[in-house]
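**Student:** So the sequence shown is numbered by the numbering used here: it starts at 525 and just counts up by one. The C-beta atom is built at its ideal place from N, Cα and C for all residues, glycine as well. From a predicted model like this one, the values you see are computed outputs, not experimental measurements. My questions will all concern the structure given below.
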Amino acid sequence: MCGFVVFIQPEKKFNQKLLVELGNDIIHRGPDSEGYINEIGIGGVFRRLSIIDPTKKSDQPMTSGKISIFFNGEIYNFKELKAQLISENVNFISEGDTEVILKGYEKYGKVFFKKLIGMFSILIVDRVLNKVLALRDPLGIKPLYFYKNDKFIGVSSEVRPLLRACNPEVDENALKELIVFGWAAGKLSNYKNIDLIQQGTSIEIDLKTSEVKEEVYDNIFNFERSENLDISKIKDLLDKSIVDHTMSDVGYCLQLSGGVDSSYIAALCSENSSRKLKSFSISVEDENFNEEKFQNLVIEKFNLDYEKINFNGQNYAEELPEAINYMEGPTPHGGCVALKYLNRKISKFSKVVLTGEGADELFGGYNRYQFLEYFRYIEIVKKFIPSSVIPNIYPFKTLKKYYRTSPAIFSSVYFDYENLWKSMPDIIPLPGHRDKISNKFNDFYDKLRSVDQSSYLSSLLIRQDKMSMAHSVEARVPFTHCPLFNRLNKMNLNANFFKNETKPILKKIAVQKLPQELVYRRKVGLLFPYGKWLSDKDGAGAYLDYLDDSKSKIKSYVDKNRFKKFLFGVKKNINKNHNVLRKLIEIELWLRSIKRPKGEILNG
């Protein structure tokens, strides 16, 4: 796991001091080594966190002939690809995966990227074709940002280095999504004119003209259901993925939540390891959110070495501003703060941690999947019945809630956004990426999972990346694996598949190794007593005053009088309204933090 920044501008020679500063901006992503390219038209820096072949032979940027590579991530099938290339008389000097990508591209061109199985963001400098090629993996596990201004182009693993080339401006379209969803989807990076390159997308840049061509090279969200359900095939793919994700020359550890996802990873890893595995878990005092009982079941069953990390309201309040700083925007989920806190502790023991991220989006782990038929009914009924005649009482209240929104998009929003819009109609999000992708499908199940897998999962993957890399830890996500998604997304599932339980396929697999009381318990997830914490004026509650004091930034983007009235109303019941209050606080803290990095900036 690493990070890189590349600046491109025809005929320009970049200041080496600037490149050093760019490297310092992302040093947390790779403290082990640095490397540069600095030639006419292109300058770049690479920061390495050495995990596979930690010798200097795998340092980057790596060059072969007239081709150089900047690569962040891990390729789990690189040994098979390497063996194939060796059989075709390709020579290697390193033992890592970077050289395999480089030599594979050198021999086959960009079609080689479709052979890669793993997590990656890659930038190729091809001096033969006078082009640069930048791309992300099909599931978008590793972030990559893009900025263009006339002939200048910047590509970076994080937003911060790009702010040395432009003044930071808030994207107001993104801001509306942040207030409602907590995450600005698609290309939105939170900053105007800076794009997040999409999953499975490549950007080709002409080094002579700066002309840019964008192409989707691998679309994993097709959902062409053509196979009958075969749980044994899914199990085989899942087990192989977990074992492949343990590949490391510096060891690994486990992030243990007590849920079925991370517990199954622990079960597989313990079976395939000759050593006692180290695990880390979060513990909270509030019994409604404490999963220690189930964590202990796994720890004892598989004889894990473990560290329990206590996390409380004071920790949350202290860690929140720094989490927002590394997230480069509001956190998409309150659990980000705890993840960052956890990774600070993990970094003292390990560079690599395996997590259960992606299982809910792959297997249907959210309660909304149990209401597929009801959501389908809502989508039909609201076409024929005027909103004015729908009573605002149960069971009609849900129908009214989704009258002007799509349940496929808004069922993941856990606060009264209609009340927010009524108070401040100027912050209603415009149709965006979520609408665009869900509108491609007719079936409601396909609509729902397209939004979850392309947008919600994207937010969770980038939070894992940024909260772990803040402390130079590589988070690996065995459930977020292309062979798994490609196979399961093609399988035929009937309308009532999720009616009785969430994640039925995974639970049938997991119960073979885990206790039933763990597998079939109520899901808690990475939730905390935010209402209680925000009520503490000596802790996170102090941030509530930021929303309406003289330095308030968020008031610049909303109607001040309406906002004040709305804020007064929701603060009366913090426990009920903690979701929207947490989002507003984080946006305010982010807006206050926005500035250009100190030191060298791009001139001309």
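#1: Please work out which residues of its chain come closer than 6 Å, Cβ to Cβ, to Ile564, disregarding the five sequence neighbours upstream and downstream, and give them in chain order.
#2: Using DSSP bridges, identify the partner residues of Met643.
#3: Determine the direct distance from the alpha carbon of Leu640 to that of Trp1057, and round the result to whole angstroms.
#4: Going by alpha carbons, who is nearest to Gly724 out of Leu668, Val624, Gln779?
#5: Could you compute how far the alpha carbon of Gln659 sits from the alpha carbon of Ser781?
#6: Return the CA-CA distance between Leu1108 and Ala1066, expressed in angstroms with no decimal places.
#7: Between Gln977 and Glu885, how many whole angstroms is the CB-CB distance? I'm expecting something under 8 Å.
#8: Work out the CA separation of Ile806 and Asn562 for me, nearest whole Å.
#9: In three-state DSSP terms, what is Tyr741?
#10: Tell me, which residues are paired with Tyr671 by DSSP?
#11: Tell me which residue opens and which closes the alpha helix (DSSP H) that Cys860 is part of.
#12: Going by DSSP, name the residue or residues bridged to Ala791.
#13: What is the DSSP secondary structure of Ile617, counted as helix, strand or coil?
#14: Cys860 and Met991: beta carbons closer than 7 Å?
#15: I need the straight-line Cα distance from Ser680 to Pro931, nearest angstrom please.
#16: Please work out which residues of its chain come closer than 8 Å, Cβ to Cβ, to Val877, disregarding the five sequence neighbours upstream and downstream, and give them in chain order.
#17: Phe1003: which of Asn849, Tyr1054, Phe965, His769 sits nearest, CA to CA?
#18: According to the neighbour-count rule (16 or more other Cβ atoms, all chains shown, within 10 Å of its Cβ), is Leu1105 buried or exposed?
#19: How many whole angstroms separate the CB atoms of Asp577 and Gly620, which I take to be in contact at a CB cut-off of 8 Å?
#20: Can you give me the start and stop residues for the beta strand (DSSP E) that Gln779 sits inside?
#21: Quick one: what's Met1015 bridged to in DSSP?
#22: Just how far apart, CA to CA, sit Gly882 and Gly664?
#23: Measure how close the beta-carbons of Val1082 and Asp950 come, nearest whole angstrom, since I'm counting them as under 8 Å.
#24: Give me, in chain order, the residues of the same chain whose beta-carbon lies closer than 6 Å to that of Phe522; leave out the 5 immediate sequence neighbours on both sides.
#25: How about the segment 1106 to 1125 and the segment 846 to 853: do they share at least three Cβ pairs that are nearer than 8 Å?
#26: Please report the distance separating the alpha-carbon of Leu1008 from that of Leu761.
#27: Of the residues Val1048, Val784, Tyr788, which one's Cα is nearest the Cα of Val767?
#28: Assuming Leu609 and Gly628 make a contact with CB atoms under 8 Å, what is their CB distance in whole Å?
#29: Let me know the secondary structure DSSP gives Cys690 once reduced to three states.
#30: Using 8 Å as the cut-off, can you tell me whether the segment 546 to 554 makes contact with the segment 740 to 759, which would need three or more C-beta pairs spanning the two stretches below that distance?
#31: Can you tell me whether Lys1107 is helix, strand or coil according to DSSP?
#32: Please report how far the alpha carbon of Phe745 lies from the alpha carbon of Leu972, in whole angstroms.
#33: Where DSSP assigns a beta bridge to Thr586, which residues make up the other side?
#34: Restricting to runs no shorter than 3 residues, where is the beta strand (DSSP E) found entirely within the segment 963 to 1040?
#35: Please state if the CB of Lys1061 and the CB of Leu1115 are separated by a distance shorter than 7 Å.
#36: If you reduce the DSSP assignment to three classes, tell me which class Glu558 lands in.
**Tutor:** In short, the structure shows the following:
#1: Along the sequence shown, one-based indexing puts residue 564 at 40. Contacts found: Lys537.
#2: Translated into positions along the sequence shown, residue 643 becomes position 119. For Met643, which the question treats as bridged, DSSP gives the partners Glu598.
#3: By one-based count along the sequence shown, residue 1057 stands at place 533. By one-based count along the sequence shown, residue 640 stands at place 116. Their backbone Cα atoms lie some 44 Å apart in a straight line.
#4: Taking the sequence shown and counting its residues from 1, one reaches residue 724 at position 200. Ranking the options by Cα distance to Gly724, first place goes to Leu668.
#5: Here residue 659 refers to the residue found at position 135 of the sequence shown. Here residue 781 refers to the residue found at position 257 of the sequence shown. For the record, residue 659 in the displayed sequence is Leu; it is not Gln. The straight-line gap from Cα to Cα measures roughly 32 Å.
#6: Translated into the one-based positions of the sequence shown, residue 1108 becomes position 584. Translated into the one-based positions of the sequence shown, residue 1066 becomes position 542. Approximately 13 Å between the Cα atoms of the pair.
#7: Against the sequence shown, residue 977 aligns to sequence position 453. Against the sequence shown, residue 885 aligns to sequence position 361. Going by Cβ atoms, the distance from Gln977 to Glu885 rounds to 5 Å, so yes, they are a contact pair.
#8: If you number the sequence shown from 1, residue 562 lands on position 38. If you number the sequence shown from 1, residue 806 lands on position 282. Computed Cα separation, rounded: 44 Å.
#9: In the sequence shown, residue 741 corresponds to position 217, counting from 1. Reduced to three states, the DSSP call for Tyr741 is coil.
#10: Reading the sequence shown from its first residue, position 147 is the one you call residue 671. Answer is Gly678, Ile718, bridged to Tyr671.
#11: Counted from its first residue, the sequence shown places residue 860 at position 336. Note, Cys860: alpha helix (DSSP H), 859 to 870.
#12: Position 267 of the sequence shown, counting from 1, holds the residue named residue 791. Answer is none; Ala791 lacks a bridge partner.
#13: Taking the first residue of the sequence shown as position 1, residue 617 is located at position 93. Three-state DSSP puts Ile617 in coil, outside helix and strand.
#14: Stepping through the sequence shown from its first residue, residue 860 is reached at position 336. Stepping through the sequence shown from its first residue, residue 991 is reached at position 467. In contact: Cys860 and Met991 (Cβ atoms closer than 7 Å).
#15: The residue given as residue 680 occupies position 156 in the sequence shown. The residue given as residue 931 occupies position 407 in the sequence shown. Distance between the alpha carbons of Ser680 and Pro931: 35 Å.
#16: Within the sequence shown, numbered from 1, the residue matching residue 877 stands at position 353. Within the same chain, Val877 has close Cβ partners Tyr776, Cys777, Leu778, Gln779, Phe804, Asn867, Ile870, Ser992, Val997, Glu998, Ala999, Arg1000.
#17: Reading the sequence shown from its first residue, position 479 is the one you call residue 1003. The shortest C-alpha separation from Phe1003 is found at His769.
#18: Here the question's residue 1105 lines up with position 581 in the sequence shown. The residue is buried, with at least 16 neighbouring Cβ atoms inside 10 Å.
#19: In the sequence shown, counting from the first residue as 1, residue 577 sits at position 53. In the sequence shown, counting from the first residue as 1, residue 620 sits at position 96. Indeed they touch by this definition, with Cβ atoms about 3 Å apart.
#20: Here residue 779 is taken as the residue at index 255 of the sequence shown, counted from 1. Counting along the chain, the beta strand (DSSP E) containing Gln779 begins and ends at 777 to 779.
#21: Against the sequence shown, residue 1015 aligns to sequence position 491. For Met1015, which the question treats as bridged, DSSP gives the partners Glu751.
#22: For the purposes of this step, residue 882 is identified with residue 358 of the sequence shown, where counting begins at 1. For the purposes of this step, residue 664 is identified with residue 140 of the sequence shown, where counting begins at 1. The straight-line gap from Cα to Cα measures roughly 11 Å.
#23: Start at 1 with the first residue of the sequence shown, and residue 1082 comes out as number 558. Start at 1 with the first residue of the sequence shown, and residue 950 comes out as number 426. Yes, Val1082 and Asp950 are in contact; Cβ-Cβ is about 6 Å, under 8 Å.
#24: Outside the modelled stretch of the chain, which goes from 525 to 1128, sits residue 522, for which no answer is possible.
#25: yes
#26: To locate residue 1008, count along the sequence shown from 1; it is residue 484. To locate residue 761, count along the sequence shown from 1; it is residue 237. Their backbone Cα atoms lie some 6 Å apart in a straight line.
#27: In the sequence shown, residue 767 corresponds to position 243, counting from 1. Answer by Cα proximity: Tyr788.
#28: Position 85 of the sequence shown holds residue 609. Position 104 of the sequence shown holds residue 628. Indeed they touch by this definition, with Cβ atoms about 6 Å apart.
#29: The residue you call residue 690 lines up with position 166 of the sequence shown. Residue state, collapsed to three classes: coil.
#30: no
#31: Numbered from its first residue, the sequence shown carries residue 1107 at position 583. Here Lys1107 sits in helix by DSSP.
#32: For the purposes of this step, residue 745 is taken as the residue at position 221 of the sequence shown. For the purposes of this step, residue 972 is taken as the residue at position 448 of the sequence shown. If I take the Cα positions, the gap works out to 12 Å.
#33: Sequence index remark: in the sequence shown, residue 586 carries index 62 (1-based). Going by the sequence as given, residue 586 is Met instead of Thr. Paired residues: Ile593.
#34: 998 to 1000
#35: Translated into positions along the sequence shown, residue 1115 becomes position 591. Translated into positions along the sequence shown, residue 1061 becomes position 537. No, Cβ-Cβ distance for Leu1115 and Lys1061 is not below 7 Å.
#36: To locate residue 558, count along the sequence shown from 1; it is residue 34. Reduced to three states, the DSSP call for Glu558 is strand.
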